[in-house]
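Read through the structure below, which is laid out as structure tokens, and then see the notes.
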Amino acid sequence: MGGYEGQNKRALIWAALYFLAWILQRLWCHLGLPDHCDLAMRPLDVLTDLVVLFTFSLAQAYWCEILLDDRFEELKKAPWIFGVILITPIIISALGRIGGLERWDKDNEGKDFEFSALRSTIFVFGLIAAVLLVAWHFARAWLTLPGMQLLSGGVKVEPPKEDLHGIYSSSRIVIIAWCILFTSFIISEDDGFDYRGALLAWMLSLIAVFPHPVSYIWLGVNTGIFLQGIGANRLRFLGCKEW
Numbered sequence: 054m055g056g057y058e059g060q061n062k063r064a065l066i067w068a069a070l071y072f073l074a075w076i077l078q079r080l081w082c083h084l085g086l087p088d089h090c091d092l093a094m095r096p097l098d099v100l101t102d103l104v105v106l107f108t109f110s111l112a113q114a115y116w117c118e119i120l121l122d123d124r125f126e127e128l129k130k131a132p133w134i135f136g137v138i139l140i141t142p143i144i145i146s147a148l149g150r151i152g153g154l155e156r157w158d159k160d161n162e163g164k165d166f167e168f169s170a171l172r173s174t175i176f177v178f179g180l181i182a183a184v185l186l187v188a189w190h191f192a193r194a195w196l197t198l199p200g201m202q203l204l205s206g207g208v209k210v211e212p213p214k215e216d217l218h219g220i221y222s223s224s225r226i227v228i229i230a231w232c233i234l235f236t237s238f239i240i241s242e243d244d245g246f247d248y249r250g251a252l253l254a255w256m257l258s259l260i261a262v263f264p265h266p267v268s269y270i271w272l273g274v275n276t277g278i279f280l281q282g283i284g285a286n287r288l289r290f291l292g293c294k295e296w
């Protein structure tokens, strides 16, 4: 279904998926997964979280082209991606009960965040995997999106109507640069990832626009990490814990 009506329906479906994962994460928190949740309980805080969820769901649907009919139909042909989005928060929450991974912001005594051996190992392997997968997405864009064949030496029948490769690469390079700066400040200030890691994961999900299992998994996992972080931690603007 095309047009505004179709886009609105797809946007609402994607937003509903966000709300479902958020509700489930709150349930996991009540069951002790993880055991250090900081849930939004006041009505104003809950409503703030819901507005943020709706806004982020729409923004992701736009950037990842989920509002487009062809793209949405592709996702429907890989329904397991919705399972990845809903299961990832459970896995992340369960990992939070492992010794050395309980908290990624402050420990129980209020000390600053520190990289333990286990945290350092996970961070290094996660960073390597993230770099490789980001590189894969840019390589995929180089091979498949119109515009790049002008530089790659591919056979060009006619000039592309739109430089989709240039649009993708320039916009995603800005996103990746932001992610690098954001991560650098987190580490340099010893401020911990916690809900900031959720924001970082959401930004990284915006490169996933390709009809390929690797891109689907990247979208699903990062979206799940974001929803776990928002569901388990009330949103705190500007780094303030009380507002």
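Counting in my numbering, the final residue of the sequence shown is number 296, and the numbers go up one at a time with none missing. From the three backbone atoms N, C-alpha and C, an ideal C-beta is built for every residue, glycine too. Computed from a predicted structure; not experimentally measured.
Item	Value
Are the CB atoms of residue 142 and residue 251 within a distance shorter than 8 angstroms?	no
Express the C-alpha separation of residue 70 and residue 112 in angstroms, rounding to a whole number.	14 angstroms
List the DSSP bridge partners of residue 286.	91
Using a threshold of 8 angstroms, state whether the C-beta atoms of residue 257 and residue 183 are closer than that.	yes
Going by other Cβ atoms of all chains shown within 10 Å of its Cβ, with 16 needed for buried, is residue 190 buried or exposed?	buried
Going by the beta-carbon positions, is the gap between residue 120 and residue 63 smaller than 8 angstroms?	yes
Let's test the definition: count the other Cβ atoms within 10 Å of the Cβ of residue 80 and tell me whether it reaches 16, buried, or not, exposed.	exposed
Are the CB atoms of residue 78 and residue 285 nearer to each other than 8 angstroms?	yes
Using the beta-carbon count (16 or more within 10 Å), is residue 234 buried or exposed?	exposed
Start and end of the alpha helix (DSSP H) containing residue 127?	122-129
Identify, in the order they occur along the chain, each residue of the same chain with its Cβ nearer than 7 angstroms to the Cβ of residue 282, setting aside the five sequence neighbours on each side.	248, 250 and 251
What does the alpha-carbon distance come out to for the pair residue 260 and residue 217?	13 angstroms
Can you give the Cα-Cα distance for residue 276 and residue 253, rounded to whole angstroms?	10 angstroms
Who are the near neighbours of residue 116 in its chain, counting only those whose CB is closer than 6 angstroms to its CB and skipping five residues on each side?	259
In its own chain, which residues sit with a C-beta less than 6 angstroms from the C-beta of residue 107, not counting the 5 before and 5 after it?	68
Can you tell me whether DSSP reads residue 265 as helix, strand or coil?	coil
Specify, as a first and last residue, the run of the alpha helix (DSSP H) that residue 98 falls within.	96-116
In whole angstroms, give me the CA-to-CA distance for residue 91 and residue 237.	25 angstroms
May I ask you to report which of helix, strand or coil DSSP gives residue 150?	coil
What distance in whole Å lies between the Cβ atoms of residue 134 and residue 272, which are believed to be in contact at a cut-off of 8 angstroms?	7 angstroms
Taking the alpha-carbon positions, what's the residue 83 to residue 138 distance?	20 angstroms
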